[in-house]
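Heads up, the thing below is written out as structure tokens.
Chains as they are written, first to last, in our numbering: chain A, 519 to 754; chain B, 427 to 465.
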């Protein structure tokens, strides 16, 4: 076994990961706070009022970043759950459980800010269109995962049961992402894509990316604090 | 300042979105702090 792979396995033990999680949480928390201040300043002050949507468009800076996080976090949760199922490592399941509540939170934020953006631009808070419905299903998948884990007393069994649910639910992620292409929806297409040049002003793009980075840092910090709680609670 | 708060007439939508986001994150931080203290 090479030195690098032994080190990864060394961190796969909850006891050795515990202090590392604390360090990551501290630095990511600080980074999140700084990035959020910069992102809020760009989004609420520096970015000019939109010609078509007025100031209502400013919701984009939280909405898009939260929607990205809701999907990324689900994939991260399913990834750790799958790793736990495959290798039976304790820490993987703990990480999956630690990510779920933050993922659910960002899903809720994406839906809430979307509703408040939908009203002034579409004239309605909610429509049962493909993008909105699949995002709502994502929220229920997070809730289902947490409820299932909470219902099983033995943590190792709870991890395995949750992992199966998380993996089945992964199918919903491409559905959310491609829903705006596959179906004729009210929701607009992707604002940012790797293939084409961004269709928005550079300052708006900058604000969105800074907010997304802030949410990333926040999510990592929250998951690390929570995984430390889980490690302590399970007496590992 | 009042122009800023009015958000061009979209105050409820913009501040409703930002406010609830802030509140949700704050609640998670408080819940985590609470959980950390318990164990």
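The C-beta atom is built at its ideal place from N, Cα and C for all residues, glycine as well. Note that the structure is a prediction, hence the values are computed from the model and not measured.
What does the Cβ neighbour count give for residue i, buried or exposed, with the cut at 16 atoms within 10 Å?
| i | result |
| --- | --- |
| residue 642 of chain A | exposed |
| residue 429 of chain B | exposed |
| residue 605 of chain A | exposed |
| residue 576 of chain A | buried |
| residue 677 of chain A | buried |
| residue 746 of chain A | buried |
| residue 587 of chain A | buried |
| residue 484 of chain A | One cannot answer for residue 484 of chain A here, as it falls past the ends of chain A, which runs 519 to 754. |
| residue 500 of chain A | As displayed, chain A neither begins before 519 nor continues past 754, which places residue 500 of chain A out of reach and without an answer. |
| residue 629 of chain A | buried |
| residue 580 of chain A | buried |
| residue 444 of chain B | buried |
| residue 726 of chain A | buried |
| residue 631 of chain A | buried |
Out of curiosity, what's the CA-to-CA distance linking residue i and residue j?
| i | j | result |
| --- | --- | --- |
| residue 667 of chain A | residue 685 of chain A | 14 Å |
| residue 564 of chain A | residue 464 of chain B | 42 Å |
| residue 583 of chain A | residue 750 of chain A | 31 Å |
| residue 566 of chain A | residue 719 of chain A | 10 Å |
| residue 570 of chain A | residue 654 of chain A | 28 Å |
| residue 658 of chain A | residue 627 of chain A | 14 Å |
| residue 436 of chain B | residue 442 of chain B | 10 Å |
| residue 574 of chain A | residue 709 of chain A | 16 Å |
| residue 529 of chain A | residue 700 of chain A | 42 Å |
| residue 448 of chain B | residue 455 of chain B | 11 Å |
| residue 645 of chain A | residue 531 of chain A | 46 Å |
| residue 461 of chain B | residue 427 of chain B | 39 Å |
| residue 748 of chain A | residue 603 of chain A | 18 Å |
| residue 608 of chain A | residue 572 of chain A | 50 Å |
| residue 451 of chain B | residue 457 of chain B | 10 Å |
| residue 674 of chain A | residue 752 of chain A | 10 Å |
| residue 527 of chain A | residue 534 of chain A | 10 Å |
For residue i, which residues of its own chain have a beta-carbon under 6 Å away from its beta-carbon, when the five flanking residues on both sides are left out?
| i | result |
| --- | --- |
| residue 650 of chain A | none |
| residue 433 of chain B | 440 |
| residue 519 of chain A | Reliability of the predicted coordinates at residue 519 of chain A is poor, the pLDDT of 49 falling under 50, and the value obtained from them is presented with this limitation in mind. Cβ neighbours of residue 519 of chain A beyond the five flanking positions: none. |
| residue 722 of chain A | 565 |
| residue 744 of chain A | 616 |
| residue 599 of chain A | 614, 681 and 684 |
| residue 612 of chain A | 745 and 748 |
For residue i, which residues of its own chain have a beta-carbon under 7 Å away from its beta-carbon, when the five flanking residues on both sides are left out?
| i | result |
| --- | --- |
| residue 647 of chain A | 703, 704 and 705 |
| residue 621 of chain A | 588, 591, 592, 595 and 660 |
| residue 640 of chain A | 704 |
| residue 670 of chain A | 676 and 679 |
| residue 623 of chain A | none |
| residue 756 of chain A | In this structure chain A extends from 519 to 754, so residue 756 of chain A is not present and cannot be described. |
| residue 562 of chain A | 576 |
| residue 724 of chain A | 560 |
Keeping to the same chain, check which residues put their C-beta closer than 8 Å to that of residue i; ignore five residues upstream and five downstream.
| i | result |
| --- | --- |
| residue 538 of chain A | 529 |
Report task. Output, in sequence order along the chain, the residues in the stretch 624–640 of chain A whose CB is closer than 8 Å to any CB in chain B. Result -> 626, 627, 630, 631, 634, 635, 637 and 638
### Query
Are at least three pairs of beta-carbons, each pair with one atom in the stretch 591–598 of chain A and one in the stretch 617–625 of chain A, less than 8 Å apart?
yes
query: With contact counted as at least three CB pairs below 8 Å, one residue from each stretch, are the stretch 733–746 of chain A and the stretch 538–556 of chain A in contact?
result: yes
Open item on the list: Assess contact between the stretch 628–647 of chain A and the stretch 719–733 of chain A, defined as three or more Cβ pairs (one per stretch) separated by less than 8 Å. Is contact present?
Closed with: no
| query | Any residues in the stretch 565–579 of chain A with a beta carbon nearer than 8 Å to a beta carbon of chain B? Which ones, in chain order? | reply | 567, 572, 573, 574, 576 and 577
*Residues from the stretch 736–750 of chain A in contact with chain B, defined by Cβ distance under 8 Å*: 736, 740, 743, 744, 746, 747 and 750
Requested in this report: Take every Cβ of the stretch 656–667 of chain A, pair it with every Cβ of the stretch 696–707 of chain A, and state whether three or more of those distances are shorter than 8 Å.
Outcome: no
Item to check | Contact residues within the stretch 598–627 of chain A, judged by C-beta distance below 8 Å to chain B | outcome: 619, 620, 623, 626 and 627
Near-chain B residues of the stretch 686–705 of chain A - C-beta to any C-beta below 7 Å:
none
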